[in-house]
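To keep things clear, I will list the structure first and then write my remarks on it.
2 protein chains.
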Amino acid sequence: MPATKKTSKGVQAITESAKALFWKHGIRRVTVEEICKEAGVSKMTFYRNFSNKNEIAQHVLTKVVEHSTSRYEKIMNQDIAFPAKIVELVILEREESKGISQEFLKDIYQNEDSSLQSLIEQYQEEGRERIMRDMKKAQEKGWIRKDLKLSFLLYTLNDLDKKARDEELLAMYEKPEDLIMELTNFFFYGILP
Amino acid sequence: MPATKKTSKGVQAITESAKALFWKHGIRRVTVEEICKEAGVSKMTFYRNFSNKNEIAQHVLTKVVEHSTSRYEKIMNQDIAFPAKIVELVILEREESKGISQEFLKDIYQNEDSSLQSLIEQYQEEGRERIMRDMKKAQEKGWIRKDLKLSFLLYTLNDLDKKARDEELLAMYEKPEDLIMELTNFFFYGILP
DNA sequence: ACCAATAATACAATATTCGTAACAAAATAT
DNA sequence: ATATTTTGTTACGAATATTGTATTATTGGT
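Protein sequence lines, in the order shown, are assigned to chains G and B. Residue 58 in this note's numbering sits at position 69 of the first sequence, and the numbers go up by one each step. Residue 123 in this note's numbering sits at position 134 of the second sequence, and the numbers go up by one each step.
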């Protein structure tokens, strides 16, 4: 076998330092040489594995999405009550959103090469489909009300994630988890006792 | 009168956006055009006021130092007890250190042009002299022990500032101010009751 | 209406970054 | 051990980005 594609030490080092740099400064401001120096790898090793900066950016993005998708699947496949899954999902979203960098996203959408843009849109679409499917299943299994419009559910779930990161709300609770629990309870049972 | 040097709207806008960009990304990664665009100012206006990127960086650095020096003087000239001044000083140091950017400092020390480096060293020296003078005065006025070596005092004061930013310590107190109070009390009175 | 300052644009001169080639060195497998 | 593959080093021209200036039109205040 010729090469263990994309799993060699070099590629991993490149990916890690690229992510670190992209996360801090976006894509535009970071040079290939910088990534290499940070990774302790020669420029040639970079170009043997990636054809340009855009490609490593794609790779980084893919890795991040794969990672959070895997965490998502793991949560949904657990054998626990549905509300508990939602709690974990909100926690996941909270953590992952810390990871994503504003600068990175900005550069993705400003880049003339739209490949990154369509990649991220594709991932968003896939994520939407995945969660739609799981919610539909939950509805069929009777875990949530049957007369609920799914698009409304999705919107509300998203709103939940946003509120879980709201500073004003967070200040009212000891730990973020307490807020998430409150939000999720409200989400499932409303305010009636 | 020809021009209100360095106080016109343009210069101020340039300074502000330069600071914002430098703070985030350091000097190296930021271009003059970017600063201008962010400031809503044409490139010519920039070059009429500053001869290059290094000069605006100097200007930004100077402004920042001037600001914190002015705050320092204001604290020391207050008519309050000496320990109270130290408390405020530590708070000041805490706030200003948040302001300074790691990326900015890194670029200053890596820049081949050493003018920024010597400028910051000069400011540090001036700061050291200022505080040395004030501590000597405090000693003469009998606000602190006479047999205290001033260089040791300076070292300890600096250590105080560092501890006031220590996460592990901060976690032990409700508010940062509580830690600062504790540290300052220890600084002045030791641990004896 | 005048003046100084600014914006807009184009531009040559530099500087930086990119991507590749060629070969030596090191690592890995067989 | 030796063949095979991967990596490091250096140098380099091409492509791109940035700099700093010149020119002209426009603005805003007095």
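Ideal Cβ placement from N, Cα and C applies to all residues, glycine included. Since we're looking at a predicted model, the values are computed, not measured.
Original post:
Taking Cβ-Cβ distances shorter than 9 Å, what residues in chain G pair up with His48 (chain B)?
Top reply: By Cβ distance, chain G contributes nothing, its closest Cβ being about 22 Å from His48 (chain B), past 9 Å.
**OP:** Under 8 Å by Cβ, that's how I've got Val30 (chain B) and Ala9 (chain B) pegged, so tell me the actual separation to the nearest angstrom.
**Re:** Incorrect: roughly 14 Å between the Cβ atoms, too far for contact.
Subject >> Proximity to Glu166 (chain B) [Cα-Cα], best of B:Tyr178, B:Phe177, B:Ala153 >> reply: When only C-alpha atoms are compared, the closest one is B:Ala153.
Subject >> Sequence-distant residues of the same chain with beta carbon closer than 6 Å to Tyr162 (chain B), five excluded per side >> reply: Leu168
**OP:** Starting from the Cα of Ala46 (chain B), find the closest Cα among B:Lys164, B:Leu159, B:Leu108 and give me that residue.
**Re:** Out of B:Lys164, B:Leu159, B:Leu108, B:Leu108 has the C-alpha closest to the C-alpha of Ala46 (chain B).
Original post:
Is it right to say Leu142 (chain G) is buried, meaning 16 or more other beta carbons lie within 10 angstroms of its own, or is it exposed?
Top reply: buried
Original post:
Do Glu115 (chain B) and Thr58 (chain B) have their C-beta atoms closer together than 9 Å?
Top reply: Yes.
Original post:
Is there at least one Cβ from chain B nearer than 9 Å to His14 (chain G)'s Cβ?
Top reply: Yes, His14 (chain G) lies at the interface with chain B (some Cβ there is under 9 Å from its Cβ).
Original post:
Any idea what DSSP makes of Val30 (chain B), helix, strand or coil?
Top reply: coil
**OP:** Tell me where the alpha helix (DSSP H) around Ala73 (chain G) begins and ends.
**Re:** 71 to 88
Original post:
By Cβ distance below 7 Å, which residues in the same chain neighbour Met(-10) (chain G) in space, the five residues on each side in sequence not counted?
Top reply: The pLDDT assigned to Met(-10) (chain G) is 32, lower than 50, so where the model puts this residue is not dependable; a value taken from the coordinates is nonetheless given after this. No residues qualify anywhere along the chain.
**OP:** At 7 Å on the CB atoms, spell out the chain G contacts of Arg18 (chain B), in chain order.
**Re:** His14, Arg18
Subject >> CB contact flag (Arg17 (chain G), Asp96 (chain G), <9 Å) >> reply: yes
Original post:
What separation, rounded to the nearest whole angstrom, lies between the Cα atoms of Val49 (chain B) and Tyr98 (chain B)?
Top reply: 16 Å
**OP:** Keeping to the same chain, check which residues put their C-beta closer than 8 Å to that of Asp150 (chain B); ignore five residues upstream and five downstream.
**Re:** Val79, Glu82, Arg83, Ser86
Subject >> Backbone CA spacing between Asp123 (chain B) and Glu55 (chain B) [nearest angstrom] >> reply: Cα-Cα distance, rounded: 18 Å.
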